[in-house]
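Participant: With our numbering applied, the sequence shown covers 80 to 231.
We put the CB at the ideal spot given by N, CA and C, even for glycine.
One structure, pasted below without further comment.
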Amino acid sequence: MPLPVPEAAAVTASLGPRVQELLLPAVTLPAGSTAEEVVAVLSAEPSITSVILVDEYQRPQGSIDRSRFLLFMAGAYGHALHAKKSAARLADTAKIVAKTTPVIAAMQVAGQDNARVYDDLVVVDEVGRCMGVVRVGDLLRHAAALQAQPAR
80 MPLPVPEAAA
90 VTASLGPRVQ
100 ELLLPAVTLP
110 AGSTAEEVVA
120 VLSAEPSITS
130 VILVDEYQRP
140 QGSIDRSRFL
150 LFMAGAYGHA
160 LHAKKSAARL
170 ADTAKIVAKT
180 TPVIAAMQVA
190 GQDNARVYDD
200 LVVVDEVGRC
210 MGVVRVGDLL
220 RHAAALQAQP
230 AR
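If you want it as structure tokens, here you go:
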């Protein structure tokens, strides 16, 4: 006699909601944008935490964290050396998760690099196009809420 298959709902409930439920609009620029263009975008809106560099198909090519980028640009000769050059030179590899990724799995992706643990995660659709970003703080809040829920 075969063993009963556990309910899929019980598995997904313990892993939390999918990241697409926590999605925030991404601030995107073409992958060929200059560092000066990124500075202009970040200066225009203080709530922007990252800029995602995308190709012509809206697929993420790099991720620029606001704090690291502005510190780098504000450093000695930072603006003079980099303003007119490609922002991709200062970008990190985007931390990409599929839109169906559960919160707990997304936290594992976020924690893979200690130096970039709080970088926004880039959420992509089935063909790899950028749908938006998820902030690690939102993942932490949802994971904490999962822990607070009574066991079923």
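(1) Quick one: Cα of Glu124 to Cα of Gly141, how far?
(2) Helix, strand or coil for Gln187? Go by DSSP, reduced to three states.
(3) Can you tell me whether Ala119 is buried or exposed, with buried defined as 16 or more other CB within 10 angstroms of its CB?
(4) Alpha carbon to alpha carbon, how far is Thr113 from Arg168? Give it in angstroms, no decimals.
(5) How is Asp198 classed by DSSP in three states: helix, strand or coil?
(6) Per DSSP, which one or two residues make a beta bridge with Ser165?
(7) Check the C-beta distance from Asp199 over to Val188 and give it rounded, since I have them as a contact under 8 Å.
(8) Using only alpha-carbon positions, find the residue among Gln191, Ala153 and Met210 that is nearest to Gln99.
(9) Leaving out five residues on either side along the sequence, give the residues of the same chain with a beta carbon under 7 Å from the beta carbon of Gly95.
(10) Taking Leu108 as the reference, which of Ser129, Arg97 and Ser93 has the closest Cα?
(11) Please tell me whether Arg97 has its Cβ less than 8 Å away from any Cβ of chain C.
(12) Hey, could you find the ends of the beta strand (DSSP E) Gly216 is sitting in?
(13) Sort Thr179, Val117 and Asp171 by Cα distance to Asp192 and report the nearest one.
(14) Tell me which same chain residues have a C-beta within less than 6 Å of the C-beta of Ala159, skipping the five on either side of it?
Facilitator: On the basis of the data shown:
(1) Numbered from its first residue, the sequence shown carries residue 124 at position 45. Numbered from its first residue, the sequence shown carries residue 141 at position 62. Cα-Cα distance, rounded: 20 Å.
(2) The residue you call residue 187 lines up with position 108 of the sequence shown. In the structure shown, Gln187 sits in a helix (DSSP, three-state: H, G or I).
(3) Residue mapping note: residue 119 aligns to position 40 of the sequence shown, counting from 1. Burial call: exposed.
(4) Looking up residue 168 in the sequence shown gives position 89. Looking up residue 113 in the sequence shown gives position 34. Those two C-alpha atoms are separated by around 9 Å.
(5) Residue mapping note: residue 198 aligns to position 119 of the sequence shown, counting from 1. In the three-state reduction of the DSSP assignment, Asp198 falls in the coil class, being assigned neither a helical nor a strand state.
(6) Taking the sequence shown and counting its residues from 1, the one referred to as residue 165 is at position 86. DSSP output for Ser165 lists Thr113 as bridge partner(s).
(7) By one-based count along the sequence shown, residue 199 stands at place 120. By one-based count along the sequence shown, residue 188 stands at place 109. Asp199 to Val188, Cβ: 11 Å. No contact.
(8) The residue given as residue 99 occupies position 20 in the sequence shown. Closest option to Gln99, Cα to Cα, is Met210.
(9) Counted from its first residue, the sequence shown places residue 95 at position 16. Excluding sequence neighbours, Gly95 sits near Pro181, Val182, Ile183, His221, Ala222 and Leu225.
(10) Counting from one through the sequence shown, the residue named residue 108 turns up at place 29. For Leu108, the nearest C-alpha among the options comes from Ser129.
(11) Chain labels in this structure do not include chain C; a single protein chain is all it has.
(12) The sequence position of residue 216 within the sequence shown is 137, counting from 1. Where Gly216 is concerned, there is no enclosing beta strand (DSSP E), although the alpha helix (DSSP H) it sits in stretches over Val215 to Ala227.
(13) Numbered from its first residue, the sequence shown carries residue 192 at position 113. Here the closest residue by C-alpha is Asp171.
(14) As a position in the sequence shown, residue 159 is number 80, starting the count at 1. None.
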